[in-house]
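This report refers to the structure that appears directly beneath it.
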Amino acid sequence: MAVETGRSVAKAADAEGIRGRGHRPGKKPGRLRRTFATHWYAWAMVAPVVTVIGVIVGYPLVRGMYLSTTNANEANVERHIGVNDIPATYESVGLDNYRAILSDGVFWDRLTWTVVWTVSCVALSFALGLALATMLNRKLAGRSFYRMALILPWAVPAFVSVFTWRLLFNEKKGLLNKLLAGGGIDAVPWLNDPTWAKISVITVNVWLGVPFMLVAMLGGLQSIPGELYEAAEMDGANAWQRFRHITLPGLRTVASTVILISGIWTFNMFPVIFLLTRGGPGDATEILVTYAYRLSFVVSPRDFAGSAAWGVLILALLSIIAVAYRRALRKQGEVW
Amino acid sequence: MRRGIAATGLIAALALTAAACGGDDEGSGGSKGGKLSGTVTFWDTSNDAEKGAYEKIAKGFEKLHPDVEVDYVNVPFGEANAKFKNAAGGNSGAPDVMRTEVAWTQDFASLGYLAPLDGTVALDKADDYLPQAAASTKFKGKTYAAPQTIDTLALFYNKKMLKDAGVEVPTSFDEVKSAAKKIRSKSGKTGLYLRGDDPYYYLPYLYGEGGDLLDTKNKKVTVDEPEGAEAFSVMKDLVDSKAAVTDASDGYNNQLNAFKDGDVAMALDGPWSIQGALQGKEFKSDKGNLGVAPAPAGSARQGAPQGGWNLAAYAGSGNLDASYEFIKYMSSAKVQQQTTEQLSLLPTRTSVYDVKSVKDNQMVQFFKPAVAKSVQRPWIPEANALFEPIRLQLEKVLSGKSSPEKGAKGIGDAYRKLLKDYK
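Just so you know, the protein sequences line up as chains A and B, in that order. In case it helps, full-length UniProt numbering puts the first sequence at residues 1 to 336. In case it helps, full-length UniProt numbering puts the second sequence at residues 1 to 423.
What follows is the structure, given as structure tokens:
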């Protein structure tokens, strides 16, 4: 995050406050105080960021967790609208929301599809990104043009891309089906058939995700010393062996990080699903986050408590996955 | 993008914290010495073909009240409900006057978002309103909106295509099926476009079989009675027999395009699509080619849902006086006459139907009796929430993943979950 230089006065004031708290009469300087004394500048620098994150992430997060243990909905939360003052009437229901969600088939259906969606999106975009990066890492004519062209999906705002894809996918008027018709193939119900809709959303997300993988992999490839390849070539290793034994291990650190990040993004990839299919047809492409959104913003009265419980479950799932993934990497000797 | 992790946890929380923040009174003005001033923000939900005319009409209010500025905002129908709720519940950014769908009115009113209009200037000559239009504005004995326009679903048909195939205008879904067969054999085109993505279009089939969603008097869910399943069977049969084409997404545009380009001969649609249809190649040069007939009947009766739009004032509006006056203007006989002349929309005032230009309007001539016979929907706060379960089951049934019986039962189960005191 960029540090705003214009606010140095405020930061200095913060720092004074922090130092001031450290003074306790009649006590030896404790470890905390020494840390502050030595690193006060660093603390002052991060203070605004910590405050902002505390306000925009921490508070809503805690409040969301609290709400998930109540029966709050649109009709019983506090509202002040003009002359109408409506007090809050929701109450605590303990873990009922979680019990209801976990015992309902909807959650498990959505979870299964979310996992399929995440794994296939990440695997495909990683494989494509790696393949393209390997190709672009060689000297070839017009290399910078190809690199630019492949970054393009990333430069376009996601909603523009998704709406464009939606036009392409249109069953009757879309370009994709026109092309197929030219080849004598029947129209494909891209967004109208559950299976095709799933394929379609994955395609779009992969298309959007490849540039990120490509850039990361190119960076990784360029950090592998060329001497290794030269030495391998001298020893008579063929292209596949060089890729298998030099490129892949050399990319491991970068790859493991981007796979985790991209996994988390994809798991929560709201815009692609929402803008392309709105979770449809029916609820075929609904992932966990779009369903939580539906509870909170589409159904009436809006179920804030239920949606918050879904949110907390999603957060818990992702934390578990992230921790497990890190453990697995550490076992393989990866320092991350 | 790390915030993505937390974002989901926040979705609900943010909406709530916004709601918890106190009200900031925005919008100044009101009446000074009997003269109105300030700004009236109006959220209109009319579609692309209609919005130009509506903006002009709304701005016409400024001529009557030179100190009031009308801030016209067009909000797409699909987003309007959620957008208003976000703004109204969060106490920021809500309009002064909102065009609400008839089934949204009770929902918004029950949440305290709307200002009651009884005894204000907004309800001008209330006796003049069609009774069924007025029914949709009431909640717990108070009036929360002024009816703006009323509508129902009807069968739009391409006169030339029907004539070429040598078929009469169908009066029942059975006839639609046989007509579609002839149209296909004659021109290779499809008979009907069936909206598979919008639960509203399930209603003509349900009413046609003699069923209904709920029995509000006896607090009973009725959609999973045999009529509900039969309605699904009729729809599925139309699609399976290739009498109809359907989509599970983007149906509004697909239907309108298919119909106005002559890819299908018939479609169930409402007066809001008249302008759009007339702009297509089949009707642009020959407006008379567009035919409208009552929605086809099912095996029991003919019935299409009553729809339409009301005008409501946001309870937190900083300029309620001007808002009431604006509602009075927008629902006045004169403005209703203008919207009928320009957009062929149906007035909600009986007196307007006596005006010659309205009486002579072909679409009104057709839609008026259709509206008179249309079936009233349950005017309860949950009315809008009744659609989501239908949407889910509609997709399952039409794609063959679920039987019509299971589909109807699925809707009924969801309703009992939603309406706690219904059996």
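Here a beta-carbon is modelled for each residue, glycine too, at the ideal position from N, C-alpha and C. Source: prediction; values computed, not measured.
Short of 6 Å from the beta carbon of A:W165, and not among the five residues preceding or following it, lie these beta carbons of its own chain, in chain order: V204. Using a 10 angstroms sphere on the CB of A:P249, the tally of other CB atoms stays under 16, which defines it as exposed. Straight through space, the alpha carbons of B:A243 and B:A229 are spaced by roughly 20 Å. A distance of 9 Å or more separates the beta carbons of B:G191 and B:A297.
Straight through space, the alpha carbons of A:V62 and A:I53 are spaced by roughly 13 Å. What A:F297 touches in chain B, judged by beta-carbon distance under 7 Å, is A82, going in chain order. Listed in chain order, the non-local C-beta contacts of B:N310 below 7 Å within the same chain comprise T100, V102, T105, S136, T137, A145, A146, P147 and Q148, local neighbours out to five positions each way being set aside. Counting along the chain, the unbroken beta strand (DSSP E) around A:H80 starts and ends at R79 to I81. Annotated as distal: B:A165 and B:Y205, with beta-carbon spacing of 9 Å or more.
With respect to chain B, the C-beta atom of A:S161 has no partner C-beta closer than 9 Å. Not flagged as an interface residue toward chain A: B:N158, since no C-beta distance is shorter than 9 Å.
Residue range V97 to E101 is occupied by the beta strand (DSSP E) that includes B:M98. The beta-carbon distance between B:L398 and B:G196, rounded to whole angstroms, is 5 Å. This is short enough to meet the 8 Å contact definition.
Contact note: A:D283 reaches chain B through L392, using a C-beta cutoff of 7 Å and chain order. B:D198 has its alpha-carbon roughly 29 Å from the corresponding atom of A:A72.
The stretch 353 to 365 of chain B makes no contact with the stretch 50 to 59 of chain B; the number of CB pairs closer than 8 Å stays below 3.
For the set A:Y66, A:M217, A:M45 and A:A155, the Cα lying nearest the Cα of A:L132 is the one of A:M217. Per the coordinates, the alpha-carbon of B:N158 lies some 36 Å from the alpha-carbon of B:K83. Taking C-beta atoms as the reference points, A:P189 and A:A284 fail to come closer than 9 Å. B:L419 carries a coil assignment under DSSP once its states are collapsed to helix, strand and coil. Scanning the stretch 33 to 116 of chain A for uninterrupted alpha helix (DSSP H) segments of 4 residues or longer gives 59 to 67 and 96 to 102, listed from N- to C-terminal end. Pairwise C-beta distances place the stretch 72 to 79 of chain B in contact with the stretch 41 to 52 of chain B, as three or more of them are shorter than 8 Å. Per DSSP, the beta-bridge partners of B:T152 are B:Q306. A residue is called buried once 16 or more other Cβ atoms fall within 10 Å of its Cβ, and A:Q332, having fewer, is exposed. When DSSP states are grouped into helix, strand and coil, A:N192 belongs to the coil group. Within the same chain, W117, V272, I273, L276, T277 and T285 come within 8 Å of A:V201 by CB-CB distance, once the 5 residues on both sides are set aside. The beta carbon of A:A197 falls within 9 Å of a beta carbon belonging to chain B, placing the residue at that interface. By the criterion of a C-beta distance shorter than 7 Å, A:T290 is surrounded in its chain by F270, I273, F274 and G279, once the five residues flanking it on both sides are discounted. For B:N257, a Cβ of chain A is located within less than 9 Å of the residue's own Cβ. Closest in alpha carbon position to A:F163, among B:F283, B:D250 and B:K396, is B:D250. Under the 10 Å beta carbon count, B:M98 is surrounded by 16 or more other beta carbons and is classified as buried. Sorting B:Q376, B:I274 and B:S285 by C-alpha distance to the C-alpha of B:A293 places B:I274 at the top. In this structure, DSSP gives A:P281 a state outside helix and strand, which the three-state scheme calls coil.
For A:S68, the closest alpha carbon among the candidates A:I101, A:I86, A:P48 and A:I56 is that of A:I101. With fewer than three CB-CB distances shorter than 8 Å, the stretch 238 to 257 of chain A does not count as touching the stretch 301 to 321 of chain A. One Cα belongs to B:E225, the other to B:R377, and the distance between them is close to 17 Å.
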